[in-house]
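Beneath this line is the structure, given in structure tokens, with notes to follow.
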Amino acid sequence: MNVIETTNLHKTYEGAVPVKAVNGVSLQIEAGEFTAIVGPSGSGKTTLLNIIGGLDRPTEGEVIVGGQDISKLSNNQLIDFRLHNIGFVFQAYNLIPVLTARENVEFVMLLQKRSRAEREARSQALLEAVGLGDRMDNRPTKMSGGQQQRVAVARALAPKPKFVLADEPTANLDSHSTANLLDIMANLNRQEGITFVFSTHDQRVIDRARRVITLEDGVVVSDIRREENPVPEA
Amino acid sequence: MLILKMAWRNLWRNRRRTLITTTAVFFAVLLSTLMSSIQLGMYEKMIDNVVGFYSGYVQVHQAGYWDDQVLDNSFEATPDLREQVLATRFVTEAVPRLESFALAASDEKSLAAQVIGCDPEIENRLTQLQEKLVAGTYLGPGDQGLLVAQGLAENLKVGLHDTLVLLSQGYHGATAVGKYPIQGLLKFGSPELNNNLIYLTLPEAQYLYGAPARLTSLALVLDQGTQAPRVVKALQTELDTAAFEVMDWRGMMPELVQMMEADVGASYVYLLILYLVIGFGIFGTVLMMTQERRFEFGVMIAVGMKRLKLAAMVVLELLFINGIGVLAGIGATIPVAAWLKANPIDLSGGEMADMYADYGFEALMPASLDPTVFINQASIVFVITLLISLYPFFKITRMDAVESMRG
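Going line by line, the protein sequences match chains A and B.
If you count the first sequence from 1, position 116 lands on 119 in this note's numbering, and the numbers rise without skipping.
If you count the second sequence from 1, position 35 lands on 1458 in this note's numbering, and the numbers rise without skipping.
Below you can see the structure in the form of structure tokens.
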């Protein structure tokens, strides 16, 4: 079953010289995939990820997420859609600095108006799953970059999204933290069936992906599927 | 609840910035409140000088008397009228007077004087006249002497126990002449009063002016001066308005009201400059804060927080800063204003004192503790902060998450 489906997606940034960031991308991503969108800087991978995540709108084409064409939603409907359907992991420093790890994870559930008991139970379970059961009451400033990204993964999973979009999640991490983060996401993908889509040019992430979509100048130039992780867990 | 918690914690992310902004609000409230408090205190003093110490907050006259202040426009004082007036809410005393002018003559000089026939005991309740006695004895019910203001006595070159002759026109054109011993000297803060007034007992004045049982005014003592308009309204419905006119001090002394209004207008300019300086100070901080937190706001919108809620959180942060600053400002102003009320700034000896004297006021600058001063100034600073918070509000409600996260 397709979780994400794009058809002839275009995105042009207007200016003195119009820039075609995404140029006719059509792809389908199924539930349970662990996919990396790769390519050099300026290839359009972040733009594609933003459009799939409802953060940006295509100039042309359709984006169907969970059976709904999100390009037709209003700004407020898009916010609601993201809240209930998509988990986000950005580059480093994306946690709310004044909230503890647990509060950061609860934050999205609070926006979803989940009960206090559910919020507390789920945030604890998720933080334990990412190995931060003992750091729940720490604020981001008291955590390493790797730990912050693990909290971000827990926060992304908190609203029970249809899939998680991760934009360069390892860009600011050392190799140990990267391996640790990838292990956690790969486990969640395998054991819980959570769909992950990354934009990255980090070879360590590409090595762990089961599908690698390569973009160049906004066009898909290759789409390779692997049955098993080619690189074992760290 | 989380919004509230986040707003509060956000305040302390950058303690120095929060403290600077709070301090700006604090000084805005402190300076504007203190300035207004002193200004109102001065007005209260002026009103006390002129209204509380002489005219009373409200007066009852024969209809038409105020426009043509002659004895022929006096009225007959009846016990019923006095009782009716005293039965009115907020009125604690009705001071009967027969007022006119006379030429006061000593051995050496003659000067125009204002002659007031009064009931010494009742008069004392309004004007504390007895406290102004600096020599001699206060008037008693049957006394046939007079009290003369010190300035006038000096100008006439007379002293205690000397004799003054009063010459004037009485009721219905009768000749009014009388010879009176000076039984006391009075000293008034207001130079205008100090250079003009002569007091007689009411029966003596009525006899002098050939106006038995007649009064020119009933000056009313109120337990709350601010209730004067209500008292006027009540008396205008209770008394026969064809026979009597009821006026409050504002109506009787429009020049005093105009002077205060002109002064208020000038102070608005100073306050406006103060508000502008402080306002831009706060705005600078808000501008910086909004810019610094763009990425964070972008992330919050991306993960599903509605822009309106996010904007509300930032406005709440500013309201916290404002609330702390305003409360601290008022908290600091109250003791200073209380001290200045008890120990007014004494301006005597300078040019300012001469200017005050020209207007007939004591050269003192007390502060007022009227709650409206604090409420008004705090409200203005509050509104300024609210207006400033429109900037982050609109910035956030129009924020593009991708743009913001791009930095």
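Cβ coordinates follow ideal geometry from the N, Cα and C atoms, glycine included.
Predicted model, so just to flag it, every value in this text is computed and none were measured.
Does residue i have its Cβ less than 8 Å from a Cβ in chain B?
{"i": "Ile55 (chain A)", "result": "no"}
{"i": "Pro233 (chain A)", "result": "Confidence at Pro233 (chain A) is low in this model, with a pLDDT of 49, below 50, so the placement of that residue should be treated as unreliable; the coordinate-derived value is given next. It does not; no Cβ of chain B falls within 8 Å."}
{"i": "Asp59 (chain A)", "result": "yes"}
{"i": "Asn239 (chain A)", "result": "Past the edges of chain A, shown from 4 to 237, lies residue 239 (chain A), and the structure says nothing about it."}
{"i": "Phe201 (chain A)", "result": "no"}
{"i": "Asn141 (chain A)", "result": "no"}
{"i": "Gly18 (chain A)", "result": "no"}
{"i": "Leu76 (chain A)", "result": "no"}
{"i": "Val111 (chain A)", "result": "yes"}
{"i": "Asn97 (chain A)", "result": "yes"}
{"i": "Ser225 (chain A)", "result": "no"}
{"i": "Leu51 (chain A)", "result": "no"}
{"i": "Arg176 (chain A)", "result": "Here residue 176 (chain A) turns out to be Leu, not Arg, going by the sequence shown. With 8 Å as the cut-off, Leu176 (chain A) does not count as an interface residue toward chain B."}
{"i": "Ala237 (chain A)", "result": "Any reading at Ala237 (chain A) must be qualified, since the residue scores a pLDDT of 48, below 50, and its modelled position is unreliable; no value is offered."}
{"i": "Ile197 (chain A)", "result": "no"}
{"i": "Leu86 (chain A)", "result": "yes"}
{"i": "Pro91 (chain A)", "result": "Note on residue identity: the sequence assigns Phe, not Pro, to residue 91 (chain A). Closer than 8 Å to some Cβ of chain B, the Cβ of Phe91 (chain A) qualifies, so yes."}
{"i": "Ile73 (chain A)", "result": "no"}
{"i": "Ile82 (chain A)", "result": "yes"}
{"i": "Pro172 (chain A)", "result": "no"}
{"i": "Val101 (chain A)", "result": "yes"}
{"i": "Leu184 (chain A)", "result": "no"}
{"i": "Leu114 (chain A)", "result": "yes"}
Is there a Cβ of chain A sitting closer than 8 Å to that of residue i, yes or no?
{"i": "Glu1719 (chain B)", "result": "yes"}
{"i": "Ala1824 (chain B)", "result": "yes"}
{"i": "Lys1729 (chain B)", "result": "yes"}
{"i": "Ala1725 (chain B)", "result": "yes"}
{"i": "Val1738 (chain B)", "result": "no"}
{"i": "Val1709 (chain B)", "result": "no"}
{"i": "Met1828 (chain B)", "result": "yes"}
{"i": "Val1722 (chain B)", "result": "yes"}
Which of the three DSSP states, helix, strand or coil, is assigned to residue i?
{"i": "His1484 (chain B)", "result": "strand"}
{"i": "Gly64 (chain A)", "result": "strand"}
{"i": "Ser1791 (chain B)", "result": "coil"}
{"i": "Asp1646 (chain B)", "result": "coil"}
{"i": "Ser1455 (chain B)", "result": "helix"}
{"i": "Gln80 (chain A)", "result": "helix"}
{"i": "Ser1812 (chain B)", "result": "coil"}
{"i": "Val20 (chain A)", "result": "coil"}
{"i": "Ser1533 (chain B)", "result": "strand"}
{"i": "Gly1559 (chain B)", "result": "strand"}
{"i": "Thr1664 (chain B)", "result": "coil"}
{"i": "Leu1526 (chain B)", "result": "strand"}
{"i": "Leu86 (chain A)", "result": "helix"}
{"i": "Val1655 (chain B)", "result": "helix"}
{"i": "Phe1611 (chain B)", "result": "coil"}
{"i": "Thr198 (chain A)", "result": "strand"}
{"i": "Val222 (chain A)", "result": "strand"}
{"i": "Asp1491 (chain B)", "result": "coil"}
{"i": "Met1831 (chain B)", "result": "Look at the range of chain B in this structure, 1424 to 1830, and you will see that residue 1831 (chain B) is not part of it."}
{"i": "Ala237 (chain A)", "result": "Legend: pLDDT at Ala237 (chain A) = 48, less than 50; position of this residue unreliable, value from coordinates given subsequently. Ala237 (chain A): coil per DSSP, three-state reduction."}
{"i": "Val1514 (chain B)", "result": "strand"}
{"i": "Asp210 (chain A)", "result": "helix"}
{"i": "Thr203 (chain A)", "result": "strand"}
{"i": "Asp1686 (chain B)", "result": "helix"}
Have a look at the DSSP bridge pairing and note the partners of residue i.
{"i": "Asn26 (chain A)", "result": "A:His13"}
{"i": "Pro1604 (chain B)", "result": "B:Thr1586"}
{"i": "Tyr1622 (chain B)", "result": "B:Ile1539, B:Leu1570"}
{"i": "Ser1640 (chain B)", "result": "B:Arg1520"}
{"i": "Val215 (chain A)", "result": "A:Ala39, A:Ile227"}
{"i": "Gln1592 (chain B)", "result": "B:Thr1598"}
{"i": "Gln71 (chain A)", "result": "A:Val68"}
{"i": "Glu33 (chain A)", "result": "A:Asn5"}
{"i": "Glu1499 (chain B)", "result": "B:Arg1637"}
{"i": "Met1670 (chain B)", "result": "B:Gln1482"}
{"i": "Asp186 (chain A)", "result": "DSSP output for Asp186 (chain A) lists no bridge partner at all."}
Original post:
Can you list, in chain order, the residues of the segment 1426 to 1437 of chain B whose Cβ is nearer than 7 Å to any Cβ on chain A?
Top reply: For the segment 1426 to 1437 of chain B, which is checked against every Cβ of chain A, the residues closer than 7 Å are Met1429, Arg1432, Asn1433, Arg1436.
**OP:** Jot down the residue ranges of each uninterrupted beta strand (DSSP E) in the segment 90 to 114 of chain A, minimum 3 residues, whole runs only, in chain order.
**Re:** Taking 3 residues as the shortest admissible run, the segment 90 to 114 of chain A contains no complete beta strand (DSSP E) segment at all.
**OP:** Closer than 9 Å, Cβ to Cβ, to anything on chain B: give me those residues from the segment 15 to 41 of chain A, in chain order.
**Re:** Within the segment 15 to 41 of chain A, no residue has its Cβ closer than 9 Å to any Cβ of chain B.
Subject >> Every unbroken beta strand (DSSP E) within the segment 120 to 170 of chain A, with a cutoff of 3 residues, ordered by chain >> reply: 166 to 170
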